[in-house]
Amino acid sequence: MKKIVSTDKAPAAIGPYSQAVQAGQFLFASGQIPLDPKTGKMVSGSVQDQAVCVLENVKGVLEGAGYSLQDVVKTTVFATDMANFAAVNEVYSRYFGENPPARSFVAVKALPKDAQVEIEFVAWKA
30 MKKIVSTDKA PAAIGPYSQA VQAGQFLFAS GQIPLDPKTG KMVSGSVQDQ AVCVLENVKG
90 VLEGAGYSLQ DVVKTTVFAT DMANFAAVNE VYSRYFGENP PARSFVAVKA LPKDAQVEIE
150 FVAWKA
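Per my numbering, the sequence shown starts with residue 30, numbered consecutively.
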């Protein structure tokens with residue numbers, strides 16, 4: 030079974046993709062950037078401010094699909110500056126404290142809308 034997930038708890042897709050796709054017990058989510066779901070505008074401020082917004086958007090996609098942060102099994106974090114590794118980790122650990130998912134952290138040249146951080150994830154629920 031494949032189901033497209035669309036929720037107003039996270040920003041609408043800004044291109045030809047779905048917020049997430051549920052396939053069986055797995056949820057595969059597109060990358061979330063620091064867009065305010067209510068206004069569709071970028072959150073300004075520090076990389077930590079942007080990371081909070083991104084993780085709130087991740088949470089919104091999860092909740093919109095009937096999942097939670099505890100169901101996340103893998104994330105990929107994209108950052109435009111590896112110097113922000115510690116700052117993003119500090120925020121990330123607030124959301125995924127105990128028993129965090131597997132993760133990759135990748136530095137990239139640029140992200141959509143000049144975001145400093147983007148996070149995609151895979152979740153699984155029995």
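All C-beta atoms in this analysis are idealised placements derived from N, C-alpha and C, irrespective of residue type, glycine included.
Leaving out five residues on either side along the sequence, give the residues of the same chain with a beta carbon under 6 Å from the beta carbon of residue i.
{"i": "Leu56", "result": "Ala49, Ala94, Tyr96 and Ala152"}
{"i": "Glu92", "result": "Lys38"}
{"i": "Tyr46", "result": "Ser59"}
{"i": "Lys103", "result": "Pro130, Ala131 and Val151"}
{"i": "Val81", "result": "Val120"}
Have a look at the options and flag the residue whose alpha-carbon is nearest the alpha-carbon of residue i.
{"i": "Ile62", "options": "Gly53, Met111, Val101 and Val76", "result": "Val76"}
{"i": "Val87", "options": "Ser73, Val106, Lys70 and Gly74", "result": "Val106"}
{"i": "Lys32", "options": "Ala41, Gly53 and Pro40", "result": "Gly53"}
{"i": "Gly182", "options": "Ala112, Gly69 and Val81", "result": "Here the chain comprises residues numbered 30 to 155, so residue 182 is not present and cannot be evaluated."}
{"i": "Ala155", "options": "Leu64, Asp100, Lys67 and Ile148", "result": "Asp100"}
{"i": "Ala116", "options": "Val34, Ala41, Lys142 and Gln79", "result": "Gln79"}
{"i": "Lys142", "options": "Leu64, Glu149 and Gln51", "result": "Leu64"}
My assumption, with CB atoms under 8 Å, is that residue i sits in contact with residue j. Please give the rounded CB distance.
{"i": "Leu84", "j": "Val120", "result": "7 Å"}
Skipping 5 residues on each side, what residues in its chain have a beta carbon closer than 8 Å to that of residue i?
{"i": "Thr109", "result": "Ala136, Val137, Lys138, Ala139, Leu140, Ala144, Gln145 and Val146"}
{"i": "Leu98", "result": "Val87, Lys88, Leu91, Tyr124 and Phe125"}
Using a 10 Å radius around the Cβ and a threshold of 16 neighbouring Cβ atoms, would you call residue i buried or exposed?
{"i": "Asn113", "result": "buried"}
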